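Everything below concerns the one structure shown next.
Protein chains in written order, with our numbering: chain A, 64 to 411; chain B, 64 to 411.
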């Protein structure tokens with residue numbers, strides 16, 4: 064896949080994140096685009112107008128987190144075999160985070176791995192999930208528990224696609240931007256507090272800052288042996304919320320927003336976060352209409368669900384907690400009663 | 064996983080092949096052994112007597128190539144989640160080639176990849192499939208079309224396990240040894256011709272030579288961008304035979320044996336192999352009671368099936384053909400009519 068240079072591109076060790084209008088893309092082999100009917104209706108023409116390849120096929124999958132499963136993977140593989148893709152073929156993930164995760168996985172196991180590129184069309188996928196090579200599907204034990212690391216050959220971030228994104232999805236994407244700022248980038252956090260979103264350049268600048276932050280973290284720790292795990296702030300709680308409420312009730316970013324509030328309560332109790340900082344994060348989430356409340360039905364079973372999460376090793380739960388704003392820390396030795404106390408606050 | 068040093072060990076860039084009696088194995092985390100009921104009955108006690116870990120679980124899968132599918136993978140993943148394996152856990156593939164391929168795949172996608180080791184109990188798995196990190200499953204399009212490269216942390220070759228191996232499976236394993244010798248090791252080929260199999264040390268020496276040959280090829284080309292593909296000699300035809308006859312009719316090694324005969328016919332026609340060399344390979348295969356005849360029902364559909372094989376890129380079939388004994392070459396431009404002519408000889 065070739066495309067023109069661009070001064071805003073962000074270079075990672077093994078691929079480039081291209082920022083701005085979709086450039087002309089060419090591929091010598093066959094290409095299979097995977098998207099959903101909605102994105103296809105809105106933007107497939109734009110992609111096709113910029114794509115040149117030996118043969119181009121399109122496979123659509125249903126929209127939503129609940130379809131992030133083996134059945135959808137099998138559908139993509141069937142399409143790839145039916146169109147006789149080979150080891151020189153390319154898959155394109157064209158859509159949101161679910162499509163990116165699924166296509167990364169499917170391309171990673173098709174004939175023991177072929178190339179894929181990410182063309183994310185949602186804010187969440189643009190600022191977060193399209194970068195870093197984490198791929199996977201959900202099962203009844205939890206989120207993203209089956210998958211692999213498979214780095215894309217390139218990522219194309221075209222903010223123009225966001226013009227058609229529903230407000231709710233845009234807000235859910237902002238939750239991941241806020242997450243990134245709380246963990247790693249205090250000045251981004253302050254920009255978000257003062258952002259004038261009626262100015263179109265503001266969103267562009269925020270997206271760019273968020274991707275740059277993510278790219279730096281991923282470049283440092285591709286396979287999440289250390290610091291990259293900090294990006295899971297809010298996710299340890301959020302994944303359980305998504306699963307318990309049935310995938311699809313909350314958007315992923317919304318569940319992460321609630322998860323951040325839960326993590327913050329724990330951070331408050333451990334004096335890692337001040338009440339003022341906690342309030343500032345809450346206010347920012349609420350500003351983007353991200354839900355910040357959740358009713359836990361059963362505190363003990365919520366606690367037990369931590370142990371199925373990939374972040375929980377050796378029967379210890381590794382909590383990712385903000386340490387002030389712009390800093391993050393890992394805590395593995397928090398006594399169960401303290402965690403239960405915090406969960407209890409959400410059970411009232 | 065730790066074990067003692069041994070002068071017969073073969074060291075690959077990322078792991079060691081241990082040769083001889085199973086040493087004491089220790090692992091700090093949880094271990095999930097995957098085997099089949101037959102192997103469990105014969106050898107599980109031996110493994111358990113040599114294994115120390117935090118917790119040890121055993122999951123059995125049905126025996127046979129026809130179970131090398133997503134359903135079996137899902138069963139292993141379910142067991143892993145039920146026993147709450149984590150990223151520090153280990154899977155052990157304890158059995159033949161099917162178990163090795165499946166466990167390599169399952170461990171490669173469980174929580175985005177955990178460690179696994181190979182303890183092969185069949186000749187075929189010991190000399191060939193346990194080394195090199197190719198993992199995968201079959202689907203209705205063909206063999207090993209879905210999978211990934213996932214290198215084991217270690218391979219333990221204990222020829223003692225072969226004492227209980229049925230003669231037919233031992234012979235099928237010899238097909239892969241013969242394959243290796245024809246492609247890469249003329250002196251091994253000559254040893255095989257003169258082998259006195261009533262001497263127990265002869266088999267040991269042959270196994271050792273075969274593994275060493277395989278290890279060298281894999282070390283040179285881990286992801287099969289070049290020379291490693293030569294190990295697929297006989298497989299381009301063999302995979303189609305396995306699929307067309309229904310997985311389970313022929314053992315994998317048997318289908319490869321027939322495939323070698325087909326490849327040899329093509330090599331003869333192209334003057335890569337002499338009639339005497341071709342006969343010598345045939346005689347050796349027959350000596351180990353490996354089937355060397357097959358009736359192709361439909362020559363054209365057999366030909367079309369090549370294009371679904373991973374080795375066939377860009378609508379060209381890459382044939383792997385012996386170039387004398389101990390040498391191998393790739394041919395991509397063989398006219399269809401010549402291939403059909405050779406296939407026609409098997410349709411009579």
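We put the CB at the ideal spot given by N, CA and C, even for glycine.
Being a predicted model, the structure only gives us computed values, none of them experimental.
- Scanning chain A for C-beta atoms nearer than 8 Å to the C-beta of residue 144 (chain B) yields 202, 204, 208, 371, reported in chain order.
- Boundaries of the beta strand (DSSP E) around residue 383 (chain A): 382–385.
- Residue state for residue 183 (chain A) is assigned as strand, using DSSP reduced to three classes.
- Put simply, the backbone Cα of residue 363 (chain B) is about 34 Å away from that of residue 196 (chain B).
- Interface criterion met: the Cβ of residue 175 (chain B) is under 8 Å from a Cβ in chain A.
- Taking 8 Å as the Cβ-Cβ cut-off, the stretch 209–229 of chain A approaches chain B at 209, 210, 211, 212, given in chain order.
- Residue 276 (chain A) and residue 325 (chain A) have their alpha carbons spaced roughly 23 Å apart.
- When beta bridges are read from the DSSP output, residue 149 (chain B) appears opposite no residue.
- DSSP places residue 304 (chain A) in the helix class (H, G or I) of the three-state scheme.
- Taken atom to atom, the span from the alpha-carbon of residue 356 (chain B) to that of residue 280 (chain A) is near 58 Å.
- Here residue 109 (chain B) really is in contact with residue 85 (chain B); their C-beta atoms are around 7 Å apart, less than 8 Å.
- The criterion of a C-beta distance shorter than 8 Å is satisfied by residue 184 (chain A) and residue 157 (chain A).
- Counting along the chain, the unbroken beta strand (DSSP E) around residue 393 (chain B) starts and ends at 391–394.
- Contact between the stretch 327–334 of chain B and the stretch 377–386 of chain B is present, with at least three C-beta pairs closer than 8 Å.
- Spatial neighbours of residue 87 (chain B) in its own chain (CB-CB distance under 6 Å, excluding positions within 5 residues in sequence) are listed in chain order as 113.
- Taking a cut-off of 8 Å on C-beta distances, the stretch 242–252 of chain A does not touch the stretch 95–107 of chain A, as fewer than three cross pairs fall below it.
- Contact between the stretch 143–150 of chain B and the stretch 173–180 of chain B is present: 3 or more CB-CB pairs across the two stretches fall below 8 Å.
- The alpha-carbon separation between residue 297 (chain B) and residue 78 (chain B) amounts to approximately 28 Å.
- With 16 or more other Cβ atoms inside 10 Å of its own Cβ, residue 170 (chain B) counts as buried.
- The C-beta of residue 247 (chain B) comes no closer than 8 Å to any C-beta of chain A.
- In terms of Cβ geometry, residue 182 (chain A) and residue 219 (chain A) form a close pair [threshold 8 Å].
- Note on geometry: alpha-carbon atoms of residue 400 (chain A) and residue 406 (chain A) lie some 10 Å from one another.
- The straight-line gap separating the alpha-carbon atoms of residue 138 (chain B) and residue 222 (chain B) is approximately 29 Å.
- Residue 119 (chain A) has a beta carbon lying at 8 Å or more from every beta carbon in chain B.
- Using beta-carbon distances, residue 140 (chain B) counts as an interface residue toward chain A, with a partner under 8 Å.
- In the displayed model, residue 235 (chain A) falls within a helix according to three-state DSSP.
- Ranked by how close their Cα comes to the Cα of residue 368 (chain A), the residues A:133, A:312, A:300 have A:300 in first place.
- Burial state of residue 71 (chain A) is exposed, judged by a 10 Å Cβ sphere holding fewer than 16 other Cβ atoms.
- One finds 209, 210, 211 in chain A with Cβ atoms closer than 7 Å to the Cβ of residue 172 (chain B), taken in chain order.
- Using beta-carbon distances, residue 133 (chain A) counts as an interface residue toward chain B, with a partner under 8 Å.
- The shortest CA-to-CA distance from residue 254 (chain A) to any of A:119, A:347, A:142 is the one to A:347.
- According to the DSSP assignment, residue 271 (chain B) belongs to the alpha helix (DSSP H) that extends over 263–283.
- Going by DSSP, residue 194 (chain A) is part of no beta strand (DSSP E) at all; its letter is neither H nor E.
- For residue 200 (chain A), the beta-bridge partners assigned by DSSP are A:209.
- For residue 110 (chain A), the enclosing alpha helix (DSSP H) starts and ends at 100–112.
- In this structure residue 166 (chain A) is not in contact with residue 274 (chain A), their Cβ atoms being roughly 19 Å apart against a cut-off of 8 Å.
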